[in-house]
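Q: Here it is, the structure in full.
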Amino acid sequence: MDRLRRSKYCGDVGKEDLGNPITLMGWVQRKRDLGNLVFLSLRDRTGICQVVCSSDTYPEVHATARTIKPEYCVAIKGNVELRPEKMRNPRMKTGDIEVYAQRIDILSKSCTPPFVVEDGVEVSDAMRLRYRYLDLRRPEVQANIILRHKAAMAARRFLDENGFIEVETPVLTRSTPEGARDYLVPSRVSPGHFYALPQSPQLFKQLLMVAGFDRYYQIVRCFRDEDLRADRQPEFTQIDMETSFLDMDDILDLSEGLISSIFKETIGLELSRPFKRLEYKDAIDLYGIDKPDTRFGMLLHDVSDSVKDSEFKIFSSTVNKGGVVKAINVKAPHGLSRKDIDLLGDFVKNYGAKGIVWARLTKDGWQSPIARFLKEKERWSIENSLDFDEGDLLIFVAGNHDVVNASLGNLRVHIAERLSLATKGTYNPLWIVRFPLLEWSEEEKRLLARHHPFTSPVEEDIPMLETEPLAVRARSYDLVINGFEVGGGSIRIHSRDLQQKMFSVLGISEEEGMRKFGFLLEALDYGAPPHGGIAFGLDRLVMLLAGASSLRDVIAFPKTQKAVCPLTGAPAEVEDKQIAELGIKVIKKEG
RNA sequence: GGGGGCGUAGUUAAGUUUGGUUAUAACGCCGGCCUGUCACGCCGGAGGUCGCGAGUUCGAGUCUCGUCGCUCCCGCCA
Numbered sequence: 078m079d080r081l082r083r084s085k086y087c088g089d090v091g092k093e094d095l096g097n098p099i100t101l102m103g104w105v106q107r108k109r110d111l112g113n114l115v116f117l118s119l120r121d122r123t124g125i126c127q128v129v130c131s132s133d134t135y136p137e138v139h140a141t142a143r144t145i146k147p148e149y150c151v152a153i154k155g156n157v158e159l160r161p162e163k164m165r166n167p168r169m170k171t172g173d174i175e176v177y178a179q180r181i182d183i184l185s186k187s188c189t190p191p192f193v194v195e196d197g198v199e200v201s202d203a204m205r206l207r208y209r210y211l212d213l214r215r216p217e218v219q220a221n222i223i224l225r226h227k228a229a230m231a232a233r234r235f236l237d238e239n240g241f242i243e244v245e246t247p248v249l250t251r252s253t254p255e256g257a258r259d260y261l262v263p264s265r266v267s268p269g270h271f272y273a274l275p276q277s278p279q280l281f282k283q284l285l286m287v288a289g290f291d292r293y294y295q296i297v298r299c300f301r302d303e304d305l306r307a308d309r310q311p312e313f314t315q316i317d318m319e320t321s322f323l324d325m326d327d328i329l330d331l332s333e334g335l336i337s338s339i340f341k342e343t344i345g346l347e348l349s350r351p352f353k354r355l356e357y358k359d360a361i362d363l364y365g366i367d368k369p370d371t372r373f374g375m376l377l378h379d380v381s382d383s384v385k386d387s388e389f390k391i392f393s394s395t396v397n398k399g400g401v402v403k404a405i406n407v408k409a410p411h412g413l414s415r416k417d418i419d420l421l422g423d424f425v426k427n428y429g430a431k432g433i434v435w436a437r438l439t440k441d442g443w444q445s446p447i448a449r450f451l452k453e454k455e456r457w458s459i460e461n462s463l464d465f466d467e468g469d470l471l472i473f474v475a476g477n478h479d480v481v482n483a484s485l486g487n488l489r490v491h492i493a494e495r496l497s498l499a500t501k502g503t504y505n506p507l508w509i510v511r512f513p514l515l516e517w518s519e520e521e522k523r524l525l526a527r528h529h530p531f532t533s534p535v536e537e538d539i540p541m542l543e544t545e546p547l548a549v550r551a552r553s554y555d556l557v558i559n560g561f562e563v564g565g566g567s568i569r570i571h572s573r574d575l576q577q578k579m580f581s582v583l584g585i586s587e588e589e590g591m592r593k594f595g596f597l598l599e600a601l602d603y604g605a606p607p608h609g610g611i612a613f614g615l616d617r618l619v620m621l622l623a624g625a626s627s628l629r630d631v632i633a634f635p636k637t638q639k640a641v642c643p644l645t646g647a648p649a650e651v652e653d654k655q656i657a658e659l660g661i662k663v664i665k666k667e668g
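When we follow my numbering, the leftmost residue of the first sequence carries the number 78, and every step to the right adds one.
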C-alpha cells in the first residue's frame with residue numbers, strides 16, 4: 078500500500094471539509110471502545126479531532142482501531158461528516174464534525190506513558206522533565222512554546238523594520254572577571270586555557286558599534302553559573318540590542334515599540350505608551366525594591382518622624398541610631414488571621430528584619446501590641462500619613478534603610494499574592510531609571526559596578542566618582558513588568574579616559590584592565606561613537622505573556638534547580654581520555 | 001553556603017500529630033461485555049524497596065540521626 082500523505086491538521090478540520098476525504102497524522106489522545114463502535118481522539122499540534130470506526134463499514138479498520146492505545150502515532154484517512162445533532166460537542170473546536178475512518182496506518186506504537194498526556198493532569202516537575210517529549214505533547218505546554226516563537230518573530234520583525242541588523246557573536250569567548258560566575262570550556266589546543274560562555278554579548282555589541290553597525294540586535298543565549306530561582310535558568314535567551322548616537326529617551330522609546338509589538342502580536346494586547354518612569358531612588362522609597370509591581374497599592378510610608386520620640390523603644394531607638402521605621406497599610410485584609418500575621422513576621426526575617434509590628438483599627442480604636450506605647454499625637458500622625466481606616470491593618474518594620482525597604486517591599490508583594498490583589502491579565506510596564514552606578518561589596522571590600530563596568534555615569538555626577546562614588550547615578554534603565562525585571566541596559570562609556578577612570582574606581586589596575594579588557598579600551602581609541610543599548614529576557618517576557626509562574630514552563634528543555642537536565646542527564650562524567658586530552662584533572666570530593 | 005516544604009502502586013494523593021493485624025483511594029494498566037462515546041459505561045483483576053542508609057523499639061510508612069532528589073526563598077545573580 079502506498080504511504081498516506083497528510084492533507085489537514087486535526088484542529089483545522091471543519092465544515093468546509095464535509096463529504097471530502099482527508100488524511101490526518103497525529104497521536105491518539107484517547108480511545109473510547111464501545112465494542113462494535115470505536116472513537117479515537119486524534120491530536121496534533123493544532124488540536125484534537127474525533128475519528129469514528131464502525132465494524133459494519135470497514136471491519137478491518139475497526140479491528141485495527143481496537144488494538145490502538147493512547148499515544149500511538151497513526152495516519153488516518155477518512156471522510157468528514159457532520160455529527161448527528163445530539164452528538165455534537167460544543168466544548169471542542171472540531172466538535173461539530175467527525176472523521177469516518179476508511180484506513181488507519183499505525184506509524185508507531187507507544188508504551189504506556191508514565192502520565193496521561195493531557196491538559197490539567199497533575200504531574201511532578203521531575204516527571205515532566207524526565208519525559209519532556211511527552212510533556213511537550215500537551216496542548217498547554219505546546220501553546221507556551223508556540224507563544225515564545227511568536228514573541229521572537231514579533232521582535233525580529235519590529236527590529237528589522239527599525240533598521241536593526243542581526244549579528245551573531247561568539248559563544249566561545251573570554252572570561253570576564255566582573256559580574257556572574259562564568260561557565261568555562263577548556264581548550265584542547267591550548268592546554269590550561271579556558272573559554273567562557275558569554276554572560277551576555279556586552280563587549281561584542283559595543284565593538285559592533287565601534288565598527289559602525291549602528292543598530293545591532295541578536296536573539297542570543299546567555300550563560301550564568303549562579304544558583305537558580307523560579308525566574309532564573311543557567312542558560313537563558315536575551316533580545317539583545319545596541320545603538321549608536323541615541324540617548325536614553327530614544328532607546329526607551331524604541332524599546333517600548335518593541336515590547337508593545339510583542340504584546341500585540343502574541344496576546345493581542347495594546348500597551349499604553351509611554352510607559353511610566355520612576356527614578357531608582359523613588360522606587361526604593363515608595364516600593365522598597367527596584368522591581369516594583371504597580372498593579373496594587375500598599376505603598377511604603379516612612380513614619381520615622383512620627384515615632385522618633387515614642388515610648389516604644391524599638392521604634393525610637395532605631396530612628397535615633399539612624400535607622401527608619403516604615404509601614405504599609407493593608408486595606409481591609411479579609412482572610413488574614415492572627416496566625417497569618419505571625420507568619421508575615423517570619424517572612425521578613427528572610428530579609429534581615431527582626432520582625433513586624435502590626436496594628437488594626439477597630440471601632441474601639443487601635444488594636445496593637447504597641448498601642449499603649451503610642452501617644453494620641455503619634456497615632457494621629459500615623460493614621461493621617463497612611464490613610465488608616467477602620468478595618469485596615471498596618472504593618473511596621475524598623476531597622477536600617479536597606480533591611481526595612483527589602484523587608485516591607487517583599488512583604489508587600491507577598492501579601493498581594495496571598496490576597497490576590499493583582500488582576501490577572503493586567504500588565505503594568507514601568508521603567509526604573511538612573512540606578513546607582515556602584516555598590517559596595519562587603520565580601521570583596523571594594524566597589525563593584527551595579528550594572529557592568531561599561532555603564533556611563535550621569536554627566537553631572539562624574540565629579541563625585543572620586544569623592545562620593547556611591548552617590549553617582551548611572552545612565553541606566555530597567556524595564557519592570559508586574560514585578561519582574563524583564564530588561565535592562567545603559568548608555569555606555571565611549572571615552573577611553575572615562576573607562577580607565579571607571580576601572581580605577583573599581584580597583585582594577587591599569588595593567589589588569591589592559592590584560593582583561595585591553596581590546597575594548599583600544600577600540601575606544603579608534604573613533605568610538607556614543608552608544609547604548611538594552612537587553613530583554615525573552616524567557617521572562619514569555620513567562621509573563623503565558624501567565625506562567627516558572628521559566629521552566631516556557632523553555633522547551635529546561636534545567637532543574639541544580640542545573641541538571643533530567644532528560645539527558647547533563648551534566649555527566651566524561652571519559653578519562655577526554656579529560657586527559659584537555660590537560661585538566663578532576664578532583665573528586667570525598668563524601 | 002543557609003532556611004522552609006515535599007518524597008507512599010505507573011501517576012497524583014490519604015495515612016505520619018498519638019508507632020500495632022493484610023498500607024487506602026482515584027486515575028492509569030490487564031482481561032471480559034457493550035453501535036454514539038467524547039474524563040464513555042459496566043463486571044473482574046494485577047500492581048508497593050512507604051526515596052536511600054543507620055538507629056530507638058517486642059514492633060517503624062509513622063519517632064531520631066544521616067544522606068539523596070525535587071521545589072520555594074536568603075545569600076549569589078541583573
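Glycine included, each C-beta is placed from N, C-alpha and C at the ideal position. Values in this document were obtained by computation on a predicted structure and should not be read as measured data.
Helix, strand or coil for R437? Go by DSSP, reduced to three states.
A: Correct three-state label for R437: strand.
Q: Out of curiosity, what's the CA-to-CA distance linking E93 and Y272?
A: In a straight line, the C-alpha of E93 is about 58 Å away from that of Y272.
Q: Buried or exposed for C188, going by 16 or more other Cβ atoms inside 10 Å?
A: The residue in question, C188, is exposed, as its Cβ has fewer than 16 Cβ neighbours within 10 Å.
Q: Check D382 in the structure and name its three-state DSSP category.
A: Correct three-state label for D382: helix.
Q: Is it a yes or a no for the segment 629 to 637 touching the segment 651 to 667, going by three-plus beta-carbon pairs under 8 Å?
A: Too few Cβ pairs lie closer than 8 Å, so no.
Q: How far does the beta strand (DSSP E) with N156 in it extend, from its first residue to its last?
A: Per DSSP, N156 belongs to the beta strand (DSSP E) from 150 to 159.
Q: Consult DSSP for H608 and reduce its assignment to one of helix, strand or coil.
A: Three-state DSSP puts H608 in a strand.
Q: Below 8 Å on the Cβ atoms is my contact criterion, and I expect Y504 with L355 to pass it. Report the Cβ-Cβ distance as a whole number of Å.
A: Wrong, their Cβ atoms sit about 16 Å apart, outside the cutoff.
Q: Checking the sheet assignment: what are the DSSP bridge partners for I509?
A: Answer is L355, D555, bridged to I509.
Q: Residues in its own chain within less than 6 Å of R180 by CB, not counting five upstream and five downstream?
A: Excluding positions up to five away in sequence, the list reads K154.
Q: Go through its chain and collect everything with a Cβ distance to I336's Cβ below 6 Å, but skip five positions before and after it.
A: Within the same chain, I336 has no close Cβ partners at all.
Q: So, for G668: in the same chain, excluding its five sequence neighbours on each side, which residues have a beta-carbon less than 8 Å away from its beta-carbon?
A: Bear in mind that the predicted position of G668 carries a pLDDT of just 38, short of 50, making it unreliable; the figure below should be weighed with that in mind. So the list is empty, once near-sequence residues are dropped.
Q: Report yes if the CB atom of L119 is closer than 8 Å to the CB atom of C87, and no otherwise.
A: Going by C-beta atoms, L119 is nearer than 8 Å to C87.
Q: Give me the residue from G564, I99, S381 with the minimum Cα distance to L621.
A: Residue G564 is the option with its Cα nearest to L621.
Q: With which residues is W443 paired in a DSSP beta bridge?
A: W443 pairs with L438.
Q: Using 10 angstroms around the beta-carbon of M78, count the other beta-carbons present and answer buried if the total reaches 16, otherwise exposed.
A: Counting Cβ neighbours within 10 Å, M78 comes out exposed, since fewer than 16 surround it.
Q: Let me check one thing: in DSSP terms, what residues is L261 bridge-paired to?
A: Paired residue(s): A273.
Q: On a CA-only basis, which of R489, S185, D182, D202 is nearest P191? Give me that one, please.
A: Answer by Cα proximity: D202.
Q: So, is P278 buried or exposed, given that buried needs 16 or more other C-beta atoms within 10 angstroms?
A: With 16 or more Cβ atoms within 10 Å of its Cβ, P278 is classed as buried.
Q: Comparing alpha-carbon positions, which option in I328, S264, F392, R122 lies nearest F450?
A: Per the Cα distances, F392.
Q: Evaluate contact between the segment 529 to 538 and the segment 404 to 419, counting only Cβ atoms and requiring at least three cross-stretch pairs below 8 Å.
A: Touching, no, given that fewer than three Cβ pairs across the two stretches are closer than 8 Å.
Q: With distance defined between alpha-carbon atoms, name the residue in A231, A360, A551 nearest to W508.
A: Per the Cα distances, A360.
Q: With a threshold of 6 Å on Cβ separation, who are the neighbours of R301 within its own chain once the five nearest residues in sequence on each side are excluded?
A: A257, Q276, listed in sequence order.
Q: Does D317 pass the burial test, meaning 16 or more other C-beta atoms within 10 Å, or should it be called exposed?
A: That one is buried.
Q: Could you have a look at C188 and say whether DSSP puts it in helix, strand or coil?
A: Three-state DSSP puts C188 in coil, outside helix and strand.
Q: So for Q179, helix, strand or coil by DSSP?
A: Residue state, collapsed to three classes: strand.
Q: Excluding the 5 residues preceding and the 5 following D555 in the sequence, name in chain order all residues of the same chain whose CB lies nearer than 6 Å to its CB.
A: Contacts found: I509, E562, G565.
Q: Should E195 and Q106 be called a contact, given that it needs their Cβ atoms to be closer than 8 Å?
A: Closer than 8 Å, so yes.
Q: DSSP beta-bridge partners for V129?
A: Paired residues: F116, Y177.
Q: Looking only at its chain, what residues have a beta carbon closer than 7 Å to the beta carbon of G172, apart from the 5 residues adjacent to it on each side?
A: Only R165, N166 meet the Cβ criterion.
Q: State yes or no: is the C-beta of L488 within less than 8 Å of the C-beta of V425?
A: The answer is yes: Cβ separation under 8 Å.
Q: If you reduce the DSSP assignment to three classes, tell me which class K227 lands in.
A: Correct three-state label for K227: helix.
Q: Counting C-beta neighbours from all protein chains within 10 Å, is the total for T343 16 or more, i.e. buried, or is it exposed?
A: Counting Cβ neighbours within 10 Å, T343 comes out buried, since at least 16 surround it.
Q: So, at 8 Å on beta carbons, what are the nonlocal neighbours of V663 in its own chain, with the 5 sequence-adjacent residues on each side left out?
A: If we look at V663 and ignore the five residues flanking it on each side, its Cβ neighbours are I656.
Q: Between the Cα of S332 and the Cα atoms of R523, Q127, P369, Y294, which residue gives the shortest distance?
A: When each option's Cα is compared against that of S332, the closest is Y294.
Q: Using a 10 Å radius around the Cβ and a threshold of 16 neighbouring Cβ atoms, would you call E516 buried or exposed?
A: With fewer than 16 other Cβ atoms within 10 Å, it is exposed.
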